[in-house]
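Worksheet: one structure, shown below.
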Amino acid sequence: MKQEEKTSQSGMEKNDPRVVASNANAGKEAVPQLQTGKWTTLLVVAIGVFMATLDSSIVNISLPAIANNFGVPLSGAIEWVVIAYLVVTAATLLTAGRLADMIGRKAVWLTGLVFFTGSSALCGLAPNLAFLIAARALQGLGGALLLAVSPAMLTSAFSPHERGRALGLNAITVSLGVSIGPILGGFITGYFTWRWIFYVNLPFGILGLIATLVFIKEKVQRRPGRFDPLGAALLAIGLACLTAGLSFAQELGWNSLPILMLLIVGLLALIILPFVELRVPNPAIVLSLLNNRVFTSALLSLIISFLALFAVSFMLPFYLEELRRFPTQLSGLLLTPLPLTIAFIAPISGSLADRIGTRWLAAGGLAIASIGLVCISFLNERSSIWDIVWPLLVTGIGQSIFQTPNNSALLGAAPPQHQGSASGFLATARTMGQSLSIALAGAIFAALGGATAGRILVSGNASGQLAQLQRTFVYSFHQTFVVCACIAALGVLASLVRGKETRRLKTR
Numbered sequence: 009m010k011q012e013e014k015t016s017q018s019g020m021e022k023n024d025p026r027v028v029a030s031n032a033n034a035g036k037e038a039v040p041q042l043q044t045g046k047w048t049t050l051l052v053v054a055i056g057v058f059m060a061t062l063d064s065s066i067v068n069i070s071l072p073a074i075a076n077n078f079g080v081p082l083s084g085a086i087e088w089v090v091i092a093y094l095v096v097t098a099a100t101l102l103t104a105g106r107l108a109d110m111i112g113r114k115a116v117w118l119t120g121l122v123f124f125t126g127s128s129a130l131c132g133l134a135p136n137l138a139f140l141i142a143a144r145a146l147q148g149l150g151g152a153l154l155l156a157v158s159p160a161m162l163t164s165a166f167s168p169h170e171r172g173r174a175l176g177l178n179a180i181t182v183s184l185g186v187s188i189g190p191i192l193g194g195f196i197t198g199y200f201t202w203r204w205i206f207y208v209n210l211p212f213g214i215l216g217l218i219a220t221l222v223f224i225k226e227k228v229q230r231r232p233g234r235f236d237p238l239g240a241a242l243l244a245i246g247l248a249c250l251t252a253g254l255s256f257a258q259e260l261g262w263n264s265l266p267i268l269m270l271l272i273v274g275l276l277a278l279i280i281l282p283f284v285e286l287r288v289p290n291p292a293i294v295l296s297l298l299n300n301r302v303f304t305s306a307l308l309s310l311i312i313s314f315l316a317l318f319a320v321s322f323m324l325p326f327y328l329e330e331l332r333r334f335p336t337q338l339s340g341l342l343l344t345p346l347p348l349t350i351a352f353i354a355p356i357s358g359s360l361a362d363r364i365g366t367r368w369l370a371a372g373g374l375a376i377a378s379i380g381l382v383c384i385s386f387l388n389e390r391s392s393i394w395d396i397v398w399p400l401l402v403t404g405i406g407q408s409i410f411q412t413p414n415n416s417a418l419l420g421a422a423p424p425q426h427q428g429s430a431s432g433f434l435a436t437a438r439t440m441g442q443s444l445s446i447a448l449a450g451a452i453f454a455a456l457g458g459a460t461a462g463r464i465l466v467s468g469n470a471s472g473q474l475a476q477l478q479r480t481f482v483y484s485f486h487q488t489f490v491v492c493a494c495i496a497a498l499g500v501l502a503s504l505v506r507g508k509e510t511r512r513l514k515t516r
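Written out as structure tokens, the structure reads:
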């Protein structure tokens, strides 16, 4: 009976025009194929992904110590320690994914490990702030290479009917890195020095390099065509300018000349990009992937989900530290239920997606997350610890039910020779969704007076206006999360319109 099902599935895939086209194109372009055991590949990928996600979450909590060390205020130039990493990562993710398709995933992965590990050492040794920012930019390039290629490595090592399971297990690594980062960063900064938040990457990086060289084997069928430097440059300029503009918009103002110039240049570069890419034989970005309805729907759902859900990670610290005046250590602990819930649920939802498909799981997950965001919006100055934790658990359950199946649908819709590009799209959508979420949530919260109220509350100068400031903060917080919940509801519709995805056979 099982043999008949396999034969039937194989016959259907052979007659599917998308699969036929995929097989035809596979003969024209390099199709990197990992020849390493799936569990070995998963462990090697976990080392690099954990290192990259740990670093992204460990730095923020140490910014006051870094600013104090270099004698600068906790605003202005010090923000580039975070933003330089984010801008470079966003600018290079798609190009990194395309390079992985052209020259092989192992080569890009190794390069990412070298850049990330080496730049981590440079960050720790930084003699001044400018040097640290430059090293962080280099670290962002290494992080982009790692995060852009890791999903493609997993989909190459695991068969299509195990893709959701693999991505779910990878989500455990991501969630652990995100949840451990603030706690570990606070401990290291408090008992040692901020420089060790970067040195902690060195053993992981060296272990990852050795494991990759020893265990990861890959075969690339033929040498790639010529790389498209103009397309890569336009893509980098467009995404870098948009990310920088969104990052500084709250501080400088949406109407300020630098922000307007960044946004205009970024949009113009991205508008010109398709006209360039459609005229070159080996484009830096594979726009043809967007012709697939499942791929485009999953990509749009992913952007919407991060636009709605990343506001939790961005806004909760303000609530915990400004309105509630909780210590940093307690605030860090209260942020962990969300990533830990994802770590627990994501493998289950991934395995379930392999059996029943992704459409209804993705839509249902975002619906649950939307309810969780509404529940978060009702937090106030009197909410108990449990009142804070359980809405985060609901949101985390919804996000984990959505995320792994949606990522599986996105990667499954791309042909084998474009898995690296699909991974680049996935990572870029995540980064841009996060940037847009910060900009949107910050704009709503500030426009309604919440940001000003929070600054006065934390300064200790509230005096007789304490109750009014608390009401302003809570109202602004409530409205911000109601908007985010509505956005998540739109993501439910985006997930439902994707139709039924096509299962692909594993190509070796």
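In the numbering used here, the protein residues as written are 9 to 516.
Using N, Cα and C, we set each Cβ at its ideal position, and we do this for glycine too.
Return yes when at least one heavy atom of the ligand SAH lies under 7 Å from the C-beta of residue i, else no.
i	result
V320	The model on display carries no ligand, and the ligand SAH is accordingly not part of it.
Once the 5 residues before and after residue i are set aside, which same chain residues still bring their CB inside 8 Å of it?
i	result
V80	I86 and L137
I393	L342
A179	I350, A351, A354, P355, G358, S408, Q411 and T412
L498	I312
I267	G253, F256, A257, L260 and G261
Measuring straight from C-alpha to C-alpha, what distance separates residue i and residue j?
i	j	result
G365	G428	22 Å
L528	A437	Because the chain spans 9 through 516 in this model, residue 528 falls outside it and cannot be assessed.
K36	G176	Any answer about K36 is weak, because its pLDDT of 47 lies below 50 and its placement is not dependable; what the coordinates show is given next. Looking at the two C-alpha atoms, the distance is approximately 32 Å.
C131	P72	16 Å
T181	A60	10 Å
L307	Q473	46 Å
L504	K114	35 Å
P399	G406	11 Å
E170	G462	47 Å
W117	G216	10 Å
I272	L456	27 Å
G213	G148	15 Å
A29	L275	Summary for A29: the model assigns pLDDT 39, below 50, so the residue's position carries little reliability, and this model does not support an answer.
C494	T344	24 Å
L434	S416	10 Å
I196	A134	17 Å
L238	E259	32 Å
A98	T480	34 Å
Q476	P325	21 Å
How would you label residue i, buried or exposed, when you count the other beta carbons within 10 angstroms and need 16 or more for buried?
i	result
F223	exposed
K539	Any answer about residue 539 is impossible in this case: the structure gives the chain only from 9 up to 516.
I312	buried
W262	exposed
M110	buried
M323	buried
Y327	buried
E12	With a pLDDT of only 40 at E12, under the threshold of 50, the placement of this residue in the model should not be trusted; the figure read from the coordinates follows. So E12 ends up on the exposed side.
E285	buried
G45	exposed
R287	exposed
P3	There is simply no residue 3 to check, as the chain begins at 9 and stops at 516 in what is shown.
I279	exposed
S16	For S16, the pLDDT reaches just 38, beneath the cut-off of 50, and the residue's location in the model is therefore unreliable, leaving the point undetermined.
Report yes if the C-beta distance between residue i and residue j is below 8 Å; otherwise report no.
i	j	result
A108	V157	yes
V500	S385	no
I74	W202	yes
L381	T403	yes
A496	L317	yes
A160	I55	no
Q478	L265	no
Y93	G151	yes
I245	A277	yes
T125	N209	yes
V95	A252	yes
S431	G120	no
S127	L155	no
L298	T304	yes
L310	N414	yes
Closest by CA to residue i, which one among the options?
i	options	result
L338	A160, I405, V186 and P190	P190
S467	Y483, R333, K46 and L369	R333
A523	V482, L50 and L434	With the chain represented from 9 up to 516, any question about residue 523 goes unanswered, as that position is not in the structure.
L62	I205, I396, G457 and W47	I205
D236	L221, N290, Q258 and P211	N290
E329	L298, L401, L465 and A361	L465
S484	R506, S471 and A449	A449
Quick one: what's got a C-beta closer than 6 Å to residue i's C-beta in the same chain, skipping five residues either side?
i	result
N31	Because the pLDDT of N31 is 42, which lies under 50, any placement of that residue in the model is unreliable, and the question is left without a value.
A371	V500, S503 and L504
Q442	F314 and F318
H486	S385
S378	A493, A496 and A497
Using a Cβ-Cβ cut-off of 7 Å (strictly less than) and excluding sequence neighbours within five positions of residue i, which residues of its own chain qualify?
i	result
L270	C249, A252 and G253
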